[in-house]
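Q: My questions all concern the structure below.
Chains as they are written, first to last, in our numbering: chain A, 1 to 244; chain B, 245 to 568; chain C, 569 to 859.
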């Protein structure tokens, strides 16, 4: 469904991605792991059009999308969240989501209907009671929900989730994992997620891809990747290897 | 909180219509000329500030050279009127043409410049205004630094004052309606999102380059038309008058003071500051007046970052809640 | 083409460029390191020039000597201004734009205060050696230009040494690269920023005095100076002392050549034009590679 081939990207002489390939199948949840600075968010920024790759290509349903503008990619059906949550701080929670509804894929251009649709999404993500608060004043867990609601508002077929579980406590994380599962089932979206929290990864993903220094070092089922010697060495370290 | 959906203020429409009607019939009551010209200047500044609001207040792109579009409209109109000795009846169409010229320039200039963000955009628009002024000063057919005289017409002064008063007021009403419409529309929501975070806005599917350009072109069109009216109103223009940096400064200050991103904010800022400006130019020497403006800039940023309108609304909102 | 005219304009452009660099370096520092765009930067240069003008006409003190106390005063003035109006906005999300509007107000205040005190009449700094020049064949280099250039070299060198060799200078840079880390190791963010701001204003003052020895100045002149400052800083790459120095020389040479061959009233249009083009093509400076 979403495919990347030989993606290279460098910043001022520093190679962030060195020929990464990936393939996302319809309906699955693909996880991406890797130490900090291994190029995960860079890859997401390339898929969502914020960066242009130096070489390589990204395809959505056989259509080449690298080089398109971020809004075009969103309108083709790729939604995303940001690692460092970025609510439109001076707007209310409802407005944040409504803007996604207004401009997303097959956007609803009529203001009142967009509002109604946004309210449904807030209901679904459990933010309905806070819809009139300024988004900038939400606690972290709610901001993460807002990121999800806003991305959903654009009616994506593929959703890129950049560390939506990071910084959450145990209860909040359980809720968030549950929310992601419901999103996949009820909205029928395919999910590509970056995650550090191993528990979440093992629980939520069908397959995992591991990056290290801008290269793919492993790909497969969670068990396969977690047991892969290169991954253990590069990312998990001895502590995690022991625990597994 | 402001909202992208229209609020319900009971009787708001009726009050507005009453105010506008009384302003509209004012010239018939033959008031003092001074009074009419004062209100004319207020209308002019409302037009300029509301137009700037579209790009500076909504989209958050601070154009520090917006006077250029006012000047381009003024020069286009003055040039056509004086070269072809056109009658007063042609002021409206010719000024609209002036607005279109301004909009066309904005389209050409905006396309590359709007790729720059934050301070870079502010600097390049400032440069643009200076370059336009230098061009006009040095191109022979625009009369150089001496400026252009319009052909005198046979109408009485009183009639002309009343005419330009009505024209400028009409333009102001149109601009207010347009900005109000945009504020509660998909376009307005998109522009506000760009102001808040342009990358996120794009990832929400907002075609940022296109709607920024649209806002910029619109925000240049109305000042162009106003410039056309103003050239005819003054009957004489020169680069120092219609490209005065002080106008750019006042426009920015008015919108920021009242509160960018809402039609009411810019209106409030423009009206209050026009009166203050009038008061200062009458009673205080220009330097002192400008020192006070300087302090106002600092005060707004430090104490009213969201503008006067937001401040008043929040205060009344809190009081309404306290009463419950 | 007249060769000595070419050489003459190259040399005077180069000397001029040194002064642009000194005027610009503080601006580059506050922008790049503190993320404050100080629109009032050049106004402080004019203020210093008036200070030197008073020292010269009332007390008969040479500008090079009066420069030291003036620059010292500006340093404390800069620290005060930072504490009063810049520090409160350091937490703002859009600090660059907010600081621009804020210091824009400051520039208007300074300009008009100077207008009240010194009137809009243009002034020149004419020290005792003002009429003298060094002659190299056909080419004459006025003493004032040489002195001004010398001041710029010393000034830029001092700033560069401060940033790279002193404890506080390193702290200034570290603070803004890693604000939280800096706080952890006990660097007072606000104090360090105040010092940097004061220093930037001092450099503007020195640049202003050097400039005033070459050209007439008046309170409104800071607008034009500021455009040159922007030009130098953007061409050189924001935050880079070396880039600013290099860009100053480059732009000095370009304006020097323009002055020789382009009609006077087009010169500013060319300057603004170059700035616009650089902004559009290389907003991160022409000496910097990559992002």
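Ideal placement from N, C-alpha and C gives every residue a C-beta, glycine not left out.
Taking the straight line between their C-alpha atoms, what separation do you get for residue 593(C) and residue 55(A)?
A: 38 Å
Q: In angstroms with no decimal places, state the Cα-to-Cα distance between residue 33(A) and residue 205(A).
A: 11 Å
Q: From the DSSP output, read off the bridge partner residues of residue 158(A).
A: 78(A), 190(A)
Q: Pick helix, strand or coil for residue 779(C), following the three-state DSSP scheme.
A: The three-state reading of DSSP puts residue 779(C) in helix, counting H, G and I together.
Q: If we cut at 8 Å on Cβ distances, does residue 52(A) have a partner in chain B?
A: no
Q: Could you check whether the segment 147 to 158 of chain A touches the segment 110 to 124 of chain A, counting it as contact only if at least three pairs of C-beta atoms, one from each stretch, sit closer than 8 Å?
A: Counting Cβ pairs under 8 Å, three or more are found: they touch.
Q: Between 413(B), 461(B), 374(B), which lies nearest to residue 358(B) when the distance is taken from Cα to Cα?
A: 461(B)
Q: Can you find a C-beta in chain F that's less than 8 Å from the C-beta of residue 664(C)?
A: Of the protein chains in this structure, namely A, B and C, none is chain F.
Q: For residue 97(A), collect the residues of the same chain with a Cβ closer than 7 Å to its Cβ; drop the 5 residues on either side in sequence, then sort them by chain order.
A: Excluding five sequence positions before and after residue 97(A), the CB atoms of its chain that fall closer than 7 Å to its own CB belong to 118, 121, 122, 149, 150, 153, given in chain order.
Q: Tell whether a beta-carbon distance below 8 Å holds between residue 835(C) and residue 582(C).
A: no
Q: How would you label residue 144(A), buried or exposed, when you count the other beta carbons within 10 angstroms and need 16 or more for buried?
A: buried
Q: For a contact meaning CB atoms closer than 7 Å, what does residue 531(B) contact in chain C?
A: 680, 683, 684
Q: Based on DSSP bridge pairs, tell me the residues matched to residue 215(A).
A: Residue pairing by DSSP places residue 215(A) opposite 212(A) in a beta bridge.
Q: Helix, strand or coil for residue 419(B)? Go by DSSP, reduced to three states.
A: helix
Q: Check residue 117(A) in the structure and name its three-state DSSP category.
A: helix
Q: Quick check on DSSP: helix, strand or coil for residue 108(A)?
A: coil
Q: For the segment 436 to 460 of chain B, which residues have a CB atom closer than 7 Å to at least one CB atom of chain A, in sequence order?
A: 436, 437, 440, 441, 443, 444, 446, 447, 448, 449, 450, 451, 452
Q: So is residue 796(C) in contact with chain B if we call contact Cβ pairs under 8 Å?
A: no
Q: For the beta strand (DSSP E) that contains residue 10(A), what are its first and last residues?
A: 2 to 11
Q: At a Cβ threshold of 8 Å, is residue 690(C) touching chain B?
A: no
Q: Could you check whether the Cβ of residue 396(B) sits closer than 8 Å to any Cβ belonging to chain C?
A: Answer no: the Cβ-Cβ gap between residue 396(B) and chain C never drops below 8 Å.
Q: Report the residue from 658(C), 674(C), 829(C) whose alpha carbon sits nearest the alpha carbon of residue 571(C).
A: 829(C)
Q: Comparing C-alpha positions only, which one of 211(A), 221(A), 220(A) sits nearest to residue 233(A)?
A: Among 211(A), 221(A), 220(A), the Cα nearest to that of residue 233(A) belongs to 211(A).
Q: In this structure, does DSSP put residue 241(A) in helix, strand or coil?
A: Legend: pLDDT at residue 241(A) = 45, less than 50; position of this residue unreliable, value from coordinates given subsequently. Helix.
Q: Who are the neighbours of residue 32(A) on chain B, taking C-beta pairs under 7 Å?
A: Residues of chain B passing the Cβ test: none, with the nearest at roughly 18 Å.
Q: Let's see if you can read the secondary structure: which residues bound the beta strand (DSSP E) around residue 667(C)?
A: That residue, residue 667(C), is in no beta strand (DSSP E); its alpha helix (DSSP H) goes 663 to 686.
Q: Taking all protein chains shown into account, decide if residue 712(C) is buried (16 or more other Cβ within 10 angstroms of its Cβ) or exposed.
A: buried
Q: Just to make sure I have the definition right: I need the residues of chain A whose C-beta is within less than 7 Å of the C-beta of residue 249(B). Which are they?
A: 111, 115
Q: Give the straight-line distance between the Cα atoms of residue 550(B) and residue 427(B), rounded to the nearest whole angstrom.
A: Residue 550(B) and residue 427(B) have their C-alpha atoms some 16 Å from each other.
Q: How about residue 433(B): is its C-beta nearer than 8 Å to some C-beta of chain A?
A: yes
Q: For residue 420(B), which residues in the same chain have their Cβ closer than 8 Å to its Cβ, ignoring the five residues on either side in sequence?
A: 290, 294, 507, 511
Q: Under the rule that 16 or more other beta-carbon atoms within 10 Å means buried, what is residue 569(B), buried or exposed?
A: Because residue 569(B) is not part of the residues shown, which for chain B are 245 to 568, the question remains open.
Q: Nearest to residue 22(A) by CA position, among 162(A), 169(A), 16(A), 7(A), is which residue?
A: 7(A)
Q: With 8 Å as the threshold, decide whether the Cβ of residue 222(B) is near any Cβ in chain A.
A: Since the first and last residues shown for chain B are 245 and 568, residue 222(B) lies out of range.
Q: Counting only Cβ-Cβ distances shorter than 8 Å, please list the residues of the segment 826 to 843 of chain C near chain B, keeping chain order.
A: For the segment 826 to 843 of chain C, which is checked against every Cβ of chain B, the residues closer than 8 Å are 833, 834, 836, 837, 840, 841, 843.
Q: Kindly indicate which residue of 667(C), 741(C), 730(C), 770(C) has the alpha-carbon position closest to the one of residue 756(C).
A: Sorting 667(C), 741(C), 730(C), 770(C) by C-alpha distance to the C-alpha of residue 756(C) places 741(C) at the top.
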